Structures are given as structure tokens and as C-alpha cells.
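Only one structure is covered here, and it is reproduced in the block below.
Number of protein chains: 2
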Amino acid sequence: VHRQNLAELQRKLNELHPADVARILEALPFEERLTIWQLVKAERDGDILLEVSDAVRETLIADMDDHELLAAAKEMNADELADLAPELPRDVVHELMESLDGQQRERVRSALSYDSDQVGALMNFGMVTIREDVSLEVVLRYLRRLKELPGHTDKLFVVDYDGVLKGVLPIKRLLVNDPEKQVSDVMASDPVTFHPDEDAYEAAQAFERYDLVSSPVVDKNGKLIGRLTIDEIVDLIREESESEVLNMAGLREEEDIFASVWRSLRNRWAWLAINLVTAFAASRVIGLFGDAIERLVALAALMPIVAGIGGNSGNQTITMIVRAMALDQLGSGNTLRLLRKELGVSLINGLIWGGVIGVVAWLLYDSWKLGAVMVAAMTLNLLLAAFMGVLIPMTLAKLGKDPAMGASVMITAVTDSGGFLIFLGLATFFLMG
Amino acid sequence: VHRQNLAELQRKLNELHPADVARILEALPFEERLTIWQLVKAERDGDILLEVSDAVRETLIADMDDHELLAAAKEMNADELADLAPELPRDVVHELMESLDGQQRERVRSALSYDSDQVGALMNFGMVTIREDVSLEVVLRYLRRLKELPGHTDKLFVVDYDGVLKGVLPIKRLLVNDPEKQVSDVMASDPVTFHPDEDAYEAAQAFERYDLVSSPVVDKNGKLIGRLTIDEIVDLIREESESEVLNMAGLREEEDIFASVWRSLRNRWAWLAINLVTAFAASRVIGLFGDAIERLVALAALMPIVAGIGGNSGNQTITMIVRAMALDQLGSGNTLRLLRKELGVSLINGLIWGGVIGVVAWLLYDSWKLGAVMVAAMTLNLLLAAFMGVLIPMTLAKLGKDPAMGASVMITAVTDSGGFLIFLGLATFFLMG
Chain D
11 VHRQNLAELQ RKLNELHPAD VARILEALPF EERLTIWQLV KAERDGDILL EVSDAVRETL
71 IADMDDHELL AAAKEMNADE LADLAPELPR DVVHELMESL DGQQRERVRS ALSYDSDQVG
131 ALMNFGMVTI REDVSLEVVL RYLRRLKELP GHTDKLFVVD YDGVLKGVLP IKRLLVNDPE
191 KQVSDVMASD PVTFHPDEDA YEAAQAFERY DLVSSPVVDK NGKLIGRLTI DEIVDLIREE
251 SESEVLNMAG LREEEDIFAS VWRSLRNRWA WLAINLVTAF AASRVIGLFG DAIERLVALA
311 ALMPIVAGIG GNSGNQTITM IVRAMALDQL GSGNTLRLLR KELGVSLING LIWGGVIGVV
371 AWLLYDSWKL GAVMVAAMTL NLLLAAFMGV LIPMTLAKLG KDPAMGASVM ITAVTDSGGF
431 LIFLGLATFF LMG
Chain R
11 VHRQNLAELQ RKLNELHPAD VARILEALPF EERLTIWQLV KAERDGDILL EVSDAVRETL
71 IADMDDHELL AAAKEMNADE LADLAPELPR DVVHELMESL DGQQRERVRS ALSYDSDQVG
131 ALMNFGMVTI REDVSLEVVL RYLRRLKELP GHTDKLFVVD YDGVLKGVLP IKRLLVNDPE
191 KQVSDVMASD PVTFHPDEDA YEAAQAFERY DLVSSPVVDK NGKLIGRLTI DEIVDLIREE
251 SESEVLNMAG LREEEDIFAS VWRSLRNRWA WLAINLVTAF AASRVIGLFG DAIERLVALA
311 ALMPIVAGIG GNSGNQTITM IVRAMALDQL GSGNTLRLLR KELGVSLING LIWGGVIGVV
371 AWLLYDSWKL GAVMVAAMTL NLLLAAFMGV LIPMTLAKLG KDPAMGASVM ITAVTDSGGF
431 LIFLGLATFF LMG
């Protein structure tokens with residue numbers, strides 16, 4: 011009966027789109043994932059490997075022998091091979107490269123030579139090129155002879171005999187214009203182009219801004235070498251937002267939800283360890299004021315409020331700034347203005363919420379002085395939170411790091427130690443005198 | 011000289027793409043923004059209004075009189091009008107609706123009747139429809155007569171005489187097939203379609219999964235009523251990731267970085283107030299153990315470590331879960347498994363990092379018992395963090411809320427109060443005996 015079910019399952023899997031099979035594999039724990047993977051027809055392995063996330067892909071590749079991997083990779087384009095190559099065993103890659111023709115091998119090499127955040131790593135080679143001195147009728151006949159067009163072909167690339175890009179012919183224009191017209195009369199001669207060493211995220215912003223579907227990539231001599239398409243850009247946008255969220259919490263990018271406990275630990279340790287050090291530092295700050303706390307135990311109860319609100323408010327500021335930086339809205343011209351605004355918000359929040367909690371502290375511990383210290387400490391810690399909330403992501407960016415990198419742990423470290431120091435310091439000075 | 015500069019600036023602005031003007035407006039503080047806005051040619055107002063974010067759009071609309079608004083809106087399509095209408099003064103909307111023909115008015119009404127997270131609010135009406143019983147040659151001639159095709163037309167929609175969708179004809183197939191062939195022989199008869207009341211985020215996932223550029227929207231009788239295009243989907247994906255990051259920090263969606271202090275305060279108050287209440291609760295927990303702290307002031311110094319690490323670890327868990335939920339990887343089938351994994355990670359983290367800090371506490375305060383309490387408290391609080399980190403987003407989702415909504419404030423509330431209670435409780439029991 012079990013075998014019958016498997017056969018039925020296999021039949022259903024083979025009817026599904028590769029992306030849907032990938033989605034099923036993503037949502038399954040390790041053993042079940044491999045069971046399903048073995049049911050998938052060998053000729054679909056390649057398509058599915060290209061759809062799954064890196065973390066899941068690794069588990070699937072580890073389950074395949076060299077022969078299966080070679081078979082799966084044989085069907086792929088140069089850009090797809092380049093995507094997969096870094097995760098394949100070395101000898102499989104070697105054998106694959108041997109089997110390619112010169113142009114293909116050159117393309118794979120070139121794609122592999124770029125960082126994953128450069129346009130060159132994202133481009134594909136599914137370009138349809140035409141000459142500018144022919145009529146649209148000739149272009150239409152040429153396309154018919156191709157039998158198939160690459161995905162996301164919304165424009166044809168017009169090149170000269172040296173392969174230099176002269177313009178693009180949007181399919182829309184090809185369709186609505188008189189077939190007698192020349193390509194050069196109809197083409198757009200000043201299209202948006204990219205260079206392979208440009209930042210991929212900036213290319214993604216251009217795609218969003220100008221609503222592009224595909225766009226040519228040219229080298230520094232203007233020679234057409236590839237194209238970007240919106241499907242890769244959408245994946246990039248998705249990944250970018252993912253890593254922003256994860257970085258903020260001090261997580262690395264790759265942990266599928268069914269990763270082993272060991273893998274998860276590795277993913278989370280770095281920032282937890284840093285957090286431990288900062289928490290210990292905050293603890294030592296408190297240790298400095300042991301006498302004050304022994305004399306007025308209310309301080310121990312109130313100090314986490316000062317630290318906690320500071321952390322929360324600092325996280326809000328840092329989130330706003332990281333956002334604005336991701337959207338390219340922050341220049342050196344407006345930093346000061348922004349800092350002033352954040353400090354203003356913190357000042358008002360500190361006076362109002364600090365005031366509320368100050369009155370509560372006064373009534374609760376019957377000391378207006380304690381209440382006043384509370385208001386002052388909360389306001390000062392919120393100002394510190396605003397200041398560091400602007401400074402931390404900007405400094406990280408200046409150092410060439412991701413501005414969201416562990417931002418939450420860092421701001422909390424500052425508002426904890428700072429909050430304790432400010433509150434206990436003020437209390438010692440004004441209440442213990 | 012100033013006037014000359016403005017004229018120069020105006021000339022440059024009018025050469026820019028509307029999206030670029032929008033980007034400039036976004037990055038400018040309020041007064042400068044309005045100065046630039048007044049320099050923009052009136053006939054470009056509409057295009058630019060459609061490109062800016064909601065928060066900035068509001069400031070621009072507030073600066074325009076009814077006459078200018080009407081002029082800007084006159085150039086728009088039905089779907090663009092529907093995007094803008096909720097922010098326009100009521101009498102302007104009324105006058106606009108009057109000026110539309112029957113079909114257009116119906117389309118605006120229909121688009122306005124959907125929630126912003128439904129497919130119906132996202133669709134546009136730039137559809138090119140054809141019949142299935144004509145040849146490709148006829149289709150090509152028909153397109154030529156249209157003079158212009160709507161943006162993102164990668165497929166034509168094949169409908170019958172009642173407007174029911176029979177299939178789609180990808181432009182790619184139109185171009186490579188013999189013009190003598192019939193549409194019905196070449197079209198894809200089982201395309202991906204959407205319903206107007208479907209969840210827009212699910213449509214976005216389908217666009218990503220199947221690499222779509224455009225897709226028909228049909229009503230429950232299969233009648234074609236509009237289409238979705240990738241440009242709107244990209245905007246949606248961007249907004250979704252934005253609101254996830256902001257929600258996590260307890261921020262509402264709309265605050266452009268130059269929003270006034272007052273506006274920023276409103277955006278941030280709700281969760282700060284909640285945080286104040288939870289911080290006060292944590293403070294009362296500490297208050298319960300005043301005697302213990304008076305007798306052993308080391309407790310006051312160590313307790314924030316327990317709470318802090320718990321908060322950090324809980325935030326990591328919650329971030330993972332929110333991510334997995336956004337990517338649809340969490341079903342009821344694997345919740346338990348996931349919970350077990352998170353608890354496992356926390357147990358090991360607790361024993362190891364708790365052990366480290368326990369040894370430090372032992373050496374520092376010369377009490378192995380205090381060290382042991384520290385290890386136990388950290389482990390228990392990390393387990394609590396893992397448990398609540400899974401439970402909070404899942405409960406929010408079950409209640410129909412955004413699972414990221416203030417997640418950070420909530421998990422910190424639990425790990426603070428819980429951490430203090432566990433640590434001080436254990437210390438009272440084992441050290442004060």
C-alpha cells in the first residue's frame with residue numbers, strides 16, 4: 011500500500027511546476043524532504059535545484075552523486091550553471107566546464123568572477139540581437155526562424171558589427187509600427203543600461219523606478235555582454251528585505267526553518283555572545299552602585315524601566331534610519347536635520363512618558379526626588395537612544411558594513427549600560443547626598 | 011541670480027523621468043520639497059503624484075488647489091484614479107467621477123471597492139483582447155491599428171463574445187509562429203488567473219514563483235475584468251517587506267524621514283506606551299523581591315543579564331518565525347517540530363552561555379550557589395523566550411493580525427518580567443533559605 015501511495019505521489023509531483031515542487035521541499039523537514047526529492051524525475055532535478063533556497067539546495071546536493079549532478083547540470087544555461095557552481099563538488103564543476111563550448115565556458119567564468127551583489131552575477135545571456143539597418147519585416151521573419159524566444163523578452167537589442175549596443179527595439183514598437191520601417195527609425199536609442207560591476211541593488215532600484223522588464227548589460231566599451239531580467243530582480247528584492255530583517259536581529263541569512271539544532275546554534279551564536287558581553291558590561295555598571303541600591307532598593311526596581319524604554323525607542327529610530335538608507339533617502343546634507351528631529355521626538359517622549367512614570371514612582375515610593383530623577387534619567391536615556399540610533403547605522407555604512415548588522419543588539423547595549431549609569435548616577439548624586 | 015538658478019533647475023527637472031523627480035521630492039525636507047514641486051510642469055503633476063510614497067503624496071496634494079488637482083487627474087487611467095482618489099478632497103473626486111464615461115466610472119468604483127491587500131485594488135485595465143477563431147496574421151494587423159500597446163503587455167487575452175477568458179496568447183508565441191495559424195492553436199488555454207477578492211500577497215508569490223509579467227483577473231464566472239502587472243507586484247513586495255520591518259519595531263507604516271516631530275510622535279507612541287506598561291510590570295516583579303535584593307545586592311546586578319539575553323534570543327526566534335510565516339512555510343503539521351527545535355536551541359544556549367556567566371558570577375561573588383542559580387535562570391528564561399517566540403506570532407496570525415505587529419515589544423515584555431521572576435524566585439528559594 012505504501013508503495014502505491016508513493017507512485018501516486020510521484021505522479022502528482024511530476025505534474026507540478028518546478029517552483030511548486032521547490033516550495034514543497036522547502037516546507038518539509040530533512041528526512042521527508044529527501045524522500046520527496048528521490049521521487050522527482052531526474053530530468054527535472056536541475057530546474058528544481060535552481061528554484062530552492064541556498065540552505066535547502068545544499069541538503070539536496072549532498073544527497074546526489076556526481077553522476078546525478080552532472081545530468082542535472084547538463085540542461086542548464088551559462089547563468090544558471092554559474093548560480094549553482096559554487097555549491098557543487100569541485101570535480102563535478104571541472105567535468106561540467108570541460109563539456110561546454112568556448113562561448114558558454116567563457117560566460118560561466120565571467121559570471122563567476124563577480125560578487126553576488128554585482129550586476130554581473132545576476133545577468134543572463136538570453137539576448138536576441140538585431141541590426142539597425144533592416145526593416146521591421148525582416149526582424150519579424152528573423153524571430154519566426156528562431157522558433158523560441160528567451161523568457162522576459164520585452165525588447166530586442168540593436169547592435170553593430172562589433173557587438174556595440176546602438177539601442178533597443180521594444181517588442182511593443184515592433185508590433186504597432188509599419189513593417190516597412192527601418193529598425194533605426196523605431197528603436198529607442200538611449201535605453202537604461204547597466205555595467206557588470208555595478209551594484210545589483212542599485213540596478214534593482216532602477217528596475218522599480220522605470221518599471222523595466224529587461225535591460226541590456228554592456229561593458230565599458232559599450233559592447234553588449236548580457237541582460238538583466240525582472241525575475242532575478244524580484245528575487246534580489248526579496249532576499250534584500252530578508253537579510254535586512256535577519257541582520258537586525260543578529261541572524262545570518264541562511265537558516266531554513268528545519269535546519270538542524272546545530273546549524274541554528276551556529277547562526278545565532280555570534281550575536282548572542284556579543285550580547286552576553288554587553289549584558290555583562292551593563293551588570294558591572296550596576297555593580298558600581300551596589301551601595302546606593304542597598305540603601306534604596308527601589309532603584310533596583312526602577313532601573314529596568316529606564317533601560318527598557320530606551321532600548322525600545324532606540325530600536326524604532328534605528329529601524330527608521332536603516333529603512334531610509336535602504337531607500338537611498340539619506341545624504342550627508344540631511345543627516346543633521348534628521349538627528350535634530352529624532353532628538354526632538356525623544357525629548358518630548360522623555361518628558362511626557364518620563365513624567366508619567368515619574369509621578370507613579372513618586373506616589374509609589376513617596377519621594378518626589380526619586381520621581382524627578384526618574385524623569386531626568388528617562389529623558390536623557392531617550393536622547394542617548396536617538397543619538398546612537400542615528401549614529402550606529404551610519405557608522406556601519408561608513409565602514410562598508412550592512413547598516414542593519416546586529417543593530418538591535420548594539421542599540422540595546424548602549425541603552426542598557428547608559429540607562430543604568432544615568433539613572434543610578436543621578437540617584438546617587440541627588441538622593442544619597 | 012536666484013531666479014536664474016530656479017529657471018535652470020526647472021529645465022533640468024522637466025528632463026527627468028517622473029520617478030526621478032519623485033525620488034528627489036522624497037529626499038527633501040518639507041519646505042524645499044514644496045519649492046521643487048511648484049517648479050514641476052503642471053502636466054507632469056499626475057505622473058509624479060503616482061510615483062511618490064503616500065506620506066509625501068499627502069504633503070504635495072495639500073499644496074495644490076482643486077483646479078490643479080483636477081488637471082493632474084484628468085490624464086489618469088481608471089486604476090490610477092482609484093489609487094489617488096482616497097487622498098483627494100471629496101468635491102474633487104465628485105467632479106472627476108462626473109467627467110468620466112460610464113465604463114471608466116464603473117472601473118474606478120470597482121477598484122475602490124476592494125481592500126488595499128486584495129487583487130482588485132491592484133489590477134489595471136490595460137488589456138488587449140482578441141478572439142480565438144482568427145489567424146495570427148489578423149492579430150498582428152489588429153495590433154498595428156492600435157498604434158500603442160499598454161505597458162507590460164507580454165500576452166494578449168483571448169476572450170469569447172461574452173468576455174469570458176478562453177486563454178492567453180503570449181507575445182513570444184505570436185512572434186515565432188506561422189502567421190497562418192489560428193489563435194486557438196497557439197494560445198495557452200490554462201493560464202494562471204486571479205480573482206479580484208484574492209489576497210494580493212498570494213498573487214505576488216505566484217508572480218515570483220512562475221516568473222509572470224502580466225496575468226488576467228477574472229470574476230467568478232470566468233469573465234475577464236482586468237489584469238495584474240509585475241510593476242505593481244514589485245511595489246507590493248517592497249511595501250510588504252517595509253511594513254514587516256516597521257511592525258516588528260512597533261512603528262506604523264507611514265512616516266517619511268522628514269515627517270514633523272508631531273507626526274513621528276503619533277507613529278511611535280502606541281507601542282512606547284505599551285512598552286511603558288510592560289516595563290512597569292517588570293519593575294513590580296522586582297519590587298516583590300526587595301528583601302532578597304537588600305540582603306544580596308549582587309542580584310540587582312545580575313538580573314538584567316538574564317532578562318537581556320532572553321530578550322535577544324526571543325527576538326531571534328520571533329524573526330525566524332515571522333519570516334517563515336511570510337514565506338508560507340509554516341503549517342499546523344510542522345509547528346510542533348519547530349517548537350521542539352527552538353526549545354532545543356535555547357536549552358543548549360542556556361546551558362553553555364548560562365554556564366559561562368554562571369562561572370563568572372561564582373568567581374566574582376565567591377558563591378557557587380549564586381552561579382548555579384544563574385545557570386538555571388538563564389536556561390529557563392531562554393526556554394521561555396523560545397516558547398513565546400513561537401507562540402506570539404502564531405497567536406497574532408490566528409487572530410487575523412500581522413504576526414510581526416509589535417512582536418519585539420511583546421517578547422521583551424515576557425522575557426523581562428519572566429526573567430526577573432525566575433532569577434529572583436530561584437535566588438530567594440535557594441540562597442535565602
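From first to last, the protein sequence lines stand for chains D and R. By the count of my numbering, the first sequence reaches residue 443 at its end, each step adding exactly one. By the count of my numbering, the second sequence reaches residue 443 at its end, each step adding exactly one. All C-beta atoms in this analysis are idealised placements derived from N, C-alpha and C, irrespective of residue type, glycine included. Here the structure is a predicted model, which is why all the values come from computation and not from measurement.
Where residue i falls, given that 16 or more other Cβ within 10 Å makes a residue buried
{"i": "H162 of chain R", "result": "buried"}
{"i": "S418 of chain R", "result": "buried"}
{"i": "N257 of chain D", "result": "buried"}
{"i": "T139 of chain R", "result": "exposed"}
{"i": "D376 of chain R", "result": "exposed"}
{"i": "D195 of chain R", "result": "exposed"}
{"i": "P180 of chain R", "result": "buried"}
{"i": "Q14 of chain R", "result": "exposed"}
{"i": "G341 of chain D", "result": "exposed"}
{"i": "K351 of chain D", "result": "buried"}
{"i": "G56 of chain R", "result": "buried"}
{"i": "W281 of chain D", "result": "buried"}
{"i": "T45 of chain R", "result": "exposed"}
{"i": "F5 of chain R", "result": "Beyond the ends of chain R as shown, which are 11 and 443, falls residue 5 of chain R; an answer cannot be given."}
Amino acids of chain D, ordered along the chain, whose beta-carbon sits closer than 8 Å to that of residue i
{"i": "P39 of chain R", "result": "N344, R347"}
{"i": "K84 of chain R", "result": "Here the premise fails: no neighbours, minimum Cβ distance about 22 Å."}
C-alpha gap between residue i and residue j, whole angstroms
{"i": "S323 of chain D", "j": "T239 of chain D", "result": "40 Å"}
{"i": "V118 of chain R", "j": "P160 of chain D", "result": "36 Å"}
{"i": "I58 of chain R", "j": "D73 of chain R", "result": "14 Å"}
{"i": "L349 of chain D", "j": "T389 of chain R", "result": "39 Å"}
{"i": "A121 of chain R", "j": "L80 of chain D", "result": "50 Å"}
{"i": "W363 of chain D", "j": "N277 of chain R", "result": "15 Å"}
{"i": "S253 of chain D", "j": "A336 of chain D", "result": "12 Å"}
{"i": "P201 of chain D", "j": "V178 of chain D", "result": "7 Å"}
{"i": "L38 of chain D", "j": "V31 of chain D", "result": "11 Å"}
{"i": "L184 of chain D", "j": "A214 of chain D", "result": "26 Å"}
{"i": "G300 of chain R", "j": "D412 of chain D", "result": "43 Å"}
{"i": "A283 of chain R", "j": "K408 of chain R", "result": "24 Å"}
{"i": "I358 of chain D", "j": "A259 of chain D", "result": "28 Å"}
{"i": "I319 of chain R", "j": "R347 of chain D", "result": "35 Å"}
{"i": "L441 of chain R", "j": "A302 of chain D", "result": "22 Å"}
{"i": "R237 of chain D", "j": "L275 of chain D", "result": "39 Å"}
Beta-carbon proximity check, residue i vs residue j, cutoff 7 Å
{"i": "E25 of chain R", "j": "L132 of chain R", "result": "no"}
{"i": "F430 of chain R", "j": "A292 of chain R", "result": "yes"}
{"i": "T422 of chain R", "j": "G321 of chain R", "result": "yes"}
{"i": "L309 of chain R", "j": "A437 of chain R", "result": "yes"}
{"i": "V424 of chain D", "j": "M398 of chain D", "result": "yes"}
{"i": "E90 of chain D", "j": "L110 of chain D", "result": "no"}
{"i": "A311 of chain R", "j": "G297 of chain D", "result": "yes"}
{"i": "V129 of chain D", "j": "P206 of chain D", "result": "yes"}
{"i": "V255 of chain R", "j": "V255 of chain D", "result": "yes"}
{"i": "A414 of chain D", "j": "V332 of chain D", "result": "yes"}
{"i": "S427 of chain D", "j": "V295 of chain D", "result": "yes"}
{"i": "V186 of chain R", "j": "K157 of chain D", "result": "yes"}
Where residue i meets chain R, residues with beta-carbon distance less than 8 Å
{"i": "V223 of chain D", "result": "H162, D164, V223, I240"}
{"i": "Y211 of chain D", "result": "The contacting residues do not exist; Y211 of chain D stays about 12 Å from chain R at best."}
Amino acids of chain R, ordered along the chain, whose beta-carbon sits closer than 7 Å to that of residue i
{"i": "W363 of chain D", "result": "L282, L286"}
Where residue i meets chain R, residues with beta-carbon distance less than 9 Å
{"i": "S253 of chain D", "result": "Within chain R, no residue comes near S253 of chain D; the closest Cβ sits about 11 Å away, beyond 9 Å."}
{"i": "R5 of chain D", "result": "There is simply no residue 5 of chain D to check, as chain D begins at 11 and stops at 443 in what is shown."}
{"i": "T425 of chain D", "result": "Neighbours of T425 of chain D on chain R: none; closest Cβ ~11 Å, over 9 Å."}
Whole-angstrom C-beta distance between residue j and residue i, which should lie under 8 Å
{"i": "E147 of chain D", "j": "V168 of chain D", "result": "Contact flag wrong, Cβ pair sits at about 16 Å."}
{"i": "L49 of chain R", "j": "L19 of chain R", "result": "6 Å"}
{"i": "S356 of chain R", "j": "A395 of chain R", "result": "6 Å"}
Proximal residues of chain D, C-beta to C-beta of residue i below 7 Å
{"i": "K182 of chain R", "result": "L159, T163"}
{"i": "Q326 of chain R", "result": "A259, G260, L261, R278"}
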